[in-house]
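Q:
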Amino acid sequence: LVELRAAALAYLDRHDLDAAARSLADLDLETWASGRLASSVPLLLGLVQTLGLVLLITVFIQLEAPSFGARLRRALGSQPAIDAGRAMQALADVQRYLIVKIASGAVKASLIGVTTFAIGLDYPLLWAGLAFVLNFLPVLGPLAAAAPPVALAALTMGPAGAIATATLFLVIHLVIGAIAEPRVLGRVCGLSPLAIVLSLALWAFVLGPVGAMLAVPLTMVLKLVVEQHPHLSWAARLLAYRPVARELLTP
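Numbering-wise (the numbering used here), the sequence shown opens with residue 6 and increments by one.
1. To test your reading of the DSSP string, which unbroken beta strand (DSSP E) runs of 3 or more residues are found completely within the region 96-182?
2. Let me check understanding here. Comparing Cα to Cα, which of Gly-182, Met-162, Ala-111 and Ser-197 lies closest to Gly-146?
3. Going by CA-CA distance only, name the one from Ala-245, Pro-214, Ala-24 and Trp-208 that's closest to Gly-57.
4. Per DSSP, what kind of secondary structure is Leu-237 in: helix, strand or coil?
5. Measure the beta-carbon distance from Ala-107 to Ala-133 and round it to whole angstroms, keeping in mind my assumption that it falls under 8 Å.
6. Indicate the three-state DSSP secondary structure (helix, strand or coil) for Leu-196 in the structure shown.
7. Just mark Ala-200 as buried or exposed, buried being the case when its beta carbon has 16 or more other beta carbons within 10 Å.
8. Pick from Ala-158, Ala-97 and Arg-242: whose alpha carbon is nearest that of Phe-122?
9. At which residues does the alpha helix (DSSP H) containing Leu-22 begin and terminate?
10. Would a C-beta distance cut-off of 9 Å place Leu-196 and Leu-244 closer than the cut-off?
11. Would you mind stating whether Ala-241 and Val-226 have Cβ atoms separated by less than 9 Å?
12. Just list the residues that DSSP pairs Ala-220 with in beta bridges.
13. Tell me whether Phe-210 is buried or exposed, calling it buried when 16 or more other Cβ atoms sit within 10 Å of its Cβ.
14. Cys-194: which of Val-155, Pro-222, Ser-109 and Leu-160 sits nearest, CA to CA?
15. Use the C-beta contact count for Ile-177: other C-beta atoms within 10 angstroms, 16 or more gives buried, fewer gives exposed.
16. Could you give the distance in angstroms between the alpha-carbon of Pro-164 and the alpha-carbon of Ser-115?
17. Using the Cα positions of Leu-148 and Phe-65, report the straight-line distance between them to the nearest angstrom.
18. Using the C-alpha atoms, what's the distance from Leu-22 back to Ala-217?
As structure tokens, then:
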């Protein structure tokens with residue numbers, strides 16, 4: 006913090022921002038850091054709890070997968086309302102979704118680690134790890150992952166460094182998170198990109214952060230349920246990645 010304050014003071018002095026420089030010089034770093042830490046701990050604990058719960062659910066999904074089909078067929082009986090084979094396919098889709106999220110997070114982390122190291126930003130491994138973890142948090146995850154390194158770049162490298170860092174994060178997120186990932190997830194999960202985005206808002210509103218992180222698997226299960234109902238199958242076609250044109254045109 007002392008080094009960062011010195012860099013910030015030098016930047017303010019170069020730009021003749023005397024009032025801001027005096028305020029920063031008079032700031033008690035220990036008191037300020039203690040206050041920020043105290044206010045950040047609950048947020049960090051909440052994030053860790055959410056990630057832990059999601060990882061726990063993911064582990065149990067993987068452990069239950071081999072025997073789930075037989076138990077589901079026994080539970081549904083001889084004339085099930087939901088097709089057991091289709092339910093197993095949905096479970097396999099959930100597993101593939103998790104694999105895609107892990108893979109995209111690893112690619113993002115690698116690119117961010119390499120690019121931040123290339124431009125000379127401190128702690129590239131930290132930013133790579135943060136990007137991987139927050140990749141499981143839709144919508145707000147990329148913003149939360151980009152904010153600390155951009156702020157550090159502004160203090161240590163000036164406006165040009167901050168703009169370069171922000172541009173790197175923006176390009177990586179647009180290419181992987183906003184273009185490639187939704188298209189791949191649409192094919193894997195059978196959901197349209199629009200359905201994925203809307204599901205994030207819906208489940209985050211209903212269940213909070215856990216709902217946001219599990220939005221796509223929950224929507225996949227919802228799609229399975231509605232497509233089995235004769236009066237709700239139209240909703241499943243709306244959620245689908247590629248609606249069948251013949252079905253829509255059949256009178």
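All residues carry an ideal CB built from backbone N, CA and C; glycine is no exception.
A: On the basis of the data shown:
1. Within the region 96-182, no complete beta strand (DSSP E) run reaches 3 residues.
2. Counting from one through the sequence shown, the residue named residue 146 turns up at place 141. From the listed residues Gly-182, Met-162, Ala-111 and Ser-197, the smallest Cα separation to Gly-146 is found for Gly-182.
3. Within the sequence shown, numbered from 1, the residue matching residue 57 stands at position 52. When the alpha-carbon of Gly-57 is set against those of Ala-245, Pro-214, Ala-24 and Trp-208, the nearest one is in Pro-214.
4. As a first step, residue 237 is located in the sequence shown; it is residue number 232 there, counting from the start. Of the three classes helix, strand and coil, the one that applies to Leu-237 here is coil, per DSSP.
5. Here residue 107 corresponds to residue number 102 of the sequence shown, with the count starting at 1. Here residue 133 corresponds to residue number 128 of the sequence shown, with the count starting at 1. Residue 107 is actually Ile in this sequence, not Ala. No, Ile-107 and Ala-133 are not in contact; Cβ-Cβ is about 14 Å, not under 8 Å.
6. Locating residue 196 in the sequence shown gives position 191, counting from the first residue. The three-state secondary structure of Leu-196, taken from DSSP, is strand.
7. Here residue 200 refers to the residue found at position 195 when the sequence shown is read from its first residue. Under this definition Ala-200 is a buried residue.
8. Here residue 122 refers to the residue found at position 117 of the sequence shown. The shortest C-alpha to C-alpha distance from Phe-122 to any of Ala-158, Ala-97 and Arg-242 is the one to Ala-158.
9. Against the sequence shown, residue 22 aligns to sequence position 17. Leu-22 -> no alpha helix (DSSP H), and no H or E assigned at all.
10. Along the sequence shown, read from residue 1 onward, the residue named residue 196 stands at position 191. Along the sequence shown, read from residue 1 onward, the residue named residue 244 stands at position 239. It is a contact, given that the beta carbons lie within the stated cut-off.
11. By one-based count along the sequence shown, residue 241 stands at place 236. By one-based count along the sequence shown, residue 226 stands at place 221. Cβ atoms of Ala-241 and Val-226: not closer than 9 Å.
12. For the purposes of this step, residue 220 is taken as residue 215 along the sequence shown, with counting starting at 1. Its beta-bridge partners do not exist; DSSP assigns none.
13. As a first step, residue 210 must be located in the sequence shown, where it is residue number 205. Result: exposed.
14. The residue labelled residue 194 in the question sits at position 189 within the sequence shown. The shortest Cα separation from Cys-194 among Val-155, Pro-222, Ser-109 and Leu-160 belongs to Pro-222.
15. Stepping through the sequence shown from its first residue, residue 177 is reached at position 172. That one is buried.
16. For the purposes of this step, residue 164 is identified with residue 159 of the sequence shown, where counting begins at 1. For the purposes of this step, residue 115 is identified with residue 110 of the sequence shown, where counting begins at 1. Spanning the alpha carbons of Pro-164 and Ser-115 requires a straight line of approximately 25 Å.
17. Counted from its first residue, the sequence shown places residue 148 at position 143. Counted from its first residue, the sequence shown places residue 65 at position 60. So the two alpha carbons sit approximately 29 Å from each other.
18. Residue 217 sits at position 212 when you count from the first residue of the sequence shown. Residue 22 sits at position 17 when you count from the first residue of the sequence shown. Cα-Cα distance, rounded: 42 Å.
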